[in-house]
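J.:
2 protein chains.
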Amino acid sequence: MTTGYYASGTEVRAACRDGRHTGQTSGLAQGFQQGNLAILPSAYADDFLRYCVRNPKPAPLLGVSEPGDPSLPQIGRDIDIRRDLPRYRVFRNGEPAESVTDLDALWRDDFVSFVIGCSFSFETALLRDDIPVRHIAAGRNVAMYVTNIETEQAGPFGGPMVVSMRSFSPRDAIRAVILSSRLPEAHGAPVHLGDPAAIGIADLSKPDFGDVPDIHAGDVPVFWACGVTPQSAIRRARPEIAIVHEPGHMLVTDLRVSMS
Amino acid sequence: MTTGYYASGTEVRAACRDGRHTGQTSGLAQGFQQGNLAILPSAYADDFLRYCVRNPKPAPLLGVSEPGDPSLPQIGRDIDIRRDLPRYRVFRNGEPAESVTDLDALWRDDFVSFVIGCSFSFETALLRDDIPVRHIAAGRNVAMYVTNIETEQAGPFGGPMVVSMRSFSPRDAIRAVILSSRLPEAHGAPVHLGDPAAIGIADLSKPDFGDVPDIHAGDVPVFWACGVTPQSAIRRARPEIAIVHEPGHMLVTDLRVSMS
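Protein sequences, first through last, are from chains G and L.
Residue numbering for the first sequence follows the UniProt record's numbering, starting at 1 and increasing by one per position.
Residue numbering for the second sequence follows the UniProt record's numbering, starting at 1 and increasing by one per position.
#1: Three-state secondary structure (DSSP) at Arg236 of chain L?
#2: Against chain G, does Leu179 of chain L count as a neighbour if the rule is that its beta carbon must be under 7 Å from one of theirs?
#3: Please specify which runs of the alpha helix (DSSP H), each continuous and at least 4 residues long, are wholly inside the stretch 165-202 of chain L, giving them in chain order.
#4: With a threshold of 7 Å between beta carbons, is Glu174 of chain L in contact with chain G?
#5: According to a CB-to-CB cut-off of less than 9 Å, which residues of the stretch 186-213 of chain G neighbour chain L?
#6: Report the residue from L:Arg128, L:Ile39, L:Ala186, L:Tyr145 whose alpha carbon sits nearest the alpha carbon of Leu255 of chain L.
#7: For a contact meaning CB atoms closer than 7 Å, what does Gly27 of chain G contact in chain L?
#8: Verify the CB distance criterion: does Pro41 of chain G have a CB-CB separation below 7 Å to chain L?
#9: Grouping DSSP H, G and I as helix and E and B as strand, with all else coil, what is Leu85 of chain L?
#10: Please confirm if Val53 of chain L has its CB atom under 7 Å from at least one CB of chain G.
#11: Within the stretch 207-252 of chain L, note down every full beta strand (DSSP E) run reaching 3 residues or more, in order along the chain.
#12: Using 8 Å as the Cβ pair cut-off and three pairs as the minimum, do the stretch 31-38 of chain L and the stretch 112-126 of chain L touch?
#13: Quick one: which chain L residues come within Cβ less than 8 Å of Arg171 of chain G?
#14: Report back the beta-carbon spacing between Val222 of chain G and Phe157 of chain G to the nearest angstrom; my notes put them in contact at under 8 Å.
#15: Would you say Val142 of chain L faces chain G, with C-beta separation under 7 Å as the test?
#16: Compare the Cα-Cα distances from Gly72 of chain L to each of L:Gly19, L:Val115, L:Ala225, L:Asp172 and report the closest residue.
#17: Should Met1 of chain L go down as buried or exposed, given a rule of 16 or more other Cβ atoms within 10 Å for buried?
#18: Between the beta-carbon of Met250 of chain G and the beta-carbon of Gly94 of chain G, is there less than 7 Å?
#19: Taking 7 Å as the threshold (beta carbon to beta carbon), is Val162 of chain L in contact with chain G?
#20: From the DSSP output, which residues share a beta bridge with Ala38 of chain L?
#21: Give me the Cβ distance between Ala143 of chain L and Ser164 of chain L, rounded to the nearest whole Å; I'm assuming they're in contact under 8 Å.
#22: Cβ closer than 7 Å: which chain A residues qualify as neighbours of Val12 of chain L?
#23: When the Cα atoms are used, what is the spatial distance from Asp172 of chain L to Pro190 of chain L?
#24: If Pro170 of chain L sits next to Gly188 of chain G, beta carbons under 8 Å apart, how far is it from one beta carbon to the other, in whole angstroms?
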C-alpha cells in the first residue's frame, strides 16, 4: 500500500489504475464524493436498481452504468470501473471469494456497475466544522449494527437496514443532524438517535461490523443508514457473482461534495 | 375574549386595535411570523439591543423601533405597538404590575420597542409536516425550564437561558431538529436533546413555566432556547418600567414564515 497527496478524483483513479495506490481512500481528494461500488450481472440489475431507488437512505445512487460498459461518465471523466478502485472484493453465491486489485480477469459483458454514496464526505464536513468524530480520533473504523428496520424489498433484494453509529455531545449531535440532512448523497439525515434498543441493537459495545465505538460520558448515539445495507442485500440475493469495493477502498468520483 | 378567522397580520392587528380581539394569538394568521414584545426606556435600549444580538437563539430580533416611535415599518405596515397586541403585561422594577389591553395611558417618548421571534411559526411547520406536537395535542402550554446555560451578558442584562421542551419519537426528533434549523427567527435549531440533567433540569415533570409535559414512552426530549429568556433578563435588570406581551398574546407581523 502506498499513499500520497491527490487533489482530485481523477488523480486517485489514475494512481489506482497504474497500481501506485492500493490502500484505503479515506481522506483522499477531499471535497470529492467517494462511492460504494456494486457490480452485478444484468439479470439482477433491474431489481437492484429498484432496491436502491426504494431505499435512498442506505443506498443513495450516484451512478449506474450501461451493461458491459466500464465507464460512468455521469460521475467521473474516463472512469474505468475495472481498474479505478484500489481493491475489490468478489462474492460468489453470496459468499466472500477472492480480493483483487483489478477486474481484468473477471469482467463480463453483462456486468452493470452501481455507485452508491458513502459517509466519508459527511465525516469530512463534520471535521471541517470542528465536530469531533470519535472513531476517527481513536483511529478505528466506524461501528455498524444490523437493525430491526426492514428495507423496502425489490425482487430478491431486501433484508434489514445496517446502520453506522457515531456518538456526540448533545450539542454536536444536533449539529451533525443538520449537517448530514444537507448531504443526501452521503446517506442524509440519521434514521435514529438515542436508545439503541428501539431499533433492535442490544449492545453498542458489540457492533456487527467495524470496531467497538469510543462513547464519551454524556454522548448521544446517532445512527445513520449505512452502505453495508445494499451489500448485505446482495449477499442475501446470492447472485452467482457480485463484485464490491473492499471496505474503505472506494471509488473517488469527480462529484463535488456540496450542501443541497 | 373573542376569536375569529384572520388571514393576515394586518387583520389581527386591526382586530386588536379596535378591541375585537383580546385573546391569545396562537394559530391566527398562519404563515405570518408572530413576535414577543419588549418595551424599555431608551436608557436601557442600547444594552438590551446588544443582549439580543449576543444571544440570537433565545432572542432572535425581528425588529427594533426608534425611541418614542410606536411604528415598526420593517416588520408590519402601520403597526401601532401601543394598540396592536391583544394584551400587555407591565413590570415595575422587575416585578409584575398591571395587565392592560393598550398602552395609551403608559406610553413615553423614550420607549423603545423590541420584537423577538417566537416558536409559533416553528410549531406550525412541525404540524404541517405531520410531526405531532405533544402539548398542542394535549391542549396544554409548552413546558419551560430554567437551565444552567448562562446567556452572554450586556450591561445589566444577563442570567440563565430558559428553554422550551418538546418531546418526540426519535425519528420525529430528527425531523424537528432539521426543520427548526431552517427557522432561525423562531429560535432555530435546538440547544440540547436527551438528558435534562446535562443542562441543569432536575425533573421534566416540574417545569418552571408552562404546563407539565405529556411525554410518550420512547420519546426523546428536545430543548429550544425560549423567548422567556430575554423577559427574565429584563426582570433581573429591574428597570423602573418594562412592558411585554401577555404570555401567548403576541404581535402578529407581516413577515412571512419562510425557510432560510
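We treat Cβ as the ideally placed atom computed from N, Cα and C, and that holds for glycine.
T.: Once the coordinates are examined:
#1: Helix, per DSSP.
#2: Not a single CB atom of chain G sits nearer than 7 Å to the CB of Leu179 of chain L.
#3: Secondary structure within the stretch 165-202 of chain L: the alpha helix (DSSP H) runs of 4 or more consecutive residues, fully enclosed, are 170-181 (chain order).
#4: According to the sequence as given, residue 174 of chain L is Ile; it is not Glu. Proximity of Ile174 of chain L to chain G, defined by a Cβ-Cβ separation below 7 Å, is satisfied.
#5: Look at the stretch 186-213 of chain G: the residues with a C-beta under 9 Å from a C-beta of chain L are Ala189, Pro190, Val191, His192, Leu193, Gly194, Asp195, Ala198, Ile199.
#6: Among L:Arg128, L:Ile39, L:Ala186, L:Tyr145, the Cα nearest to that of Leu255 of chain L belongs to L:Ala186.
#7: What Gly27 of chain G touches in chain L: nothing, since even the nearest Cβ is about 27 Å away.
#8: The C-beta of Pro41 of chain G comes no closer than 7 Å to any C-beta of chain L.
#9: Residue state, collapsed to three classes: coil.
#10: It does not: the Cβ of Val53 of chain L has no partner Cβ on chain G nearer than 7 Å.
#11: Counting only runs of 3+ residues, the beta strand (DSSP E) found wholly inside the stretch 207-252 of chain L occupies 220-225, 242-245, in chain order.
#12: The answer is yes - the stretch 112-126 of chain L touches the stretch 31-38 of chain L, with three or more Cβ pairs under 8 Å.
#13: Against Arg171 of chain G, the close residues of chain L are Val191, His192, in the order they occur along the chain (beta-carbon pairs closer than 8 Å).
#14: Rounded, the Cβ-Cβ distance is 27 Å, inconsistent with contact.
#15: It does not: the Cβ of Val142 of chain L has no partner Cβ on chain G nearer than 7 Å.
#16: Checking the displayed sequence, the identity of residue 72 of chain L turns out to be Leu instead of Gly. Nearest of L:Gly19, L:Val115, L:Ala225, L:Asp172 to Leu72 of chain L, Cα basis: L:Val115.
#17: Residue confidence is low: Met1 of chain L scores 43 on pLDDT, short of 50, so the model does not pin down where it sits. No coordinate-derived value is stated.
#18: Contact flag unset, no.
#19: Taking a beta-carbon distance threshold of 7 Å, Val162 of chain L does not count as an interface residue toward chain G.
#20: Answer is L:Phe114, L:Val244.
#21: Confirmed, about 7 Å.
#22: Any reference to chain A falls outside this structure, whose protein chains are G and L.
#23: In a straight line, the C-alpha of Asp172 of chain L is about 13 Å away from that of Pro190 of chain L.
#24: Their Cβ separation, rounded to whole angstroms, is 15 Å, which puts Pro170 of chain L and Gly188 of chain G out of contact at 8 Å.
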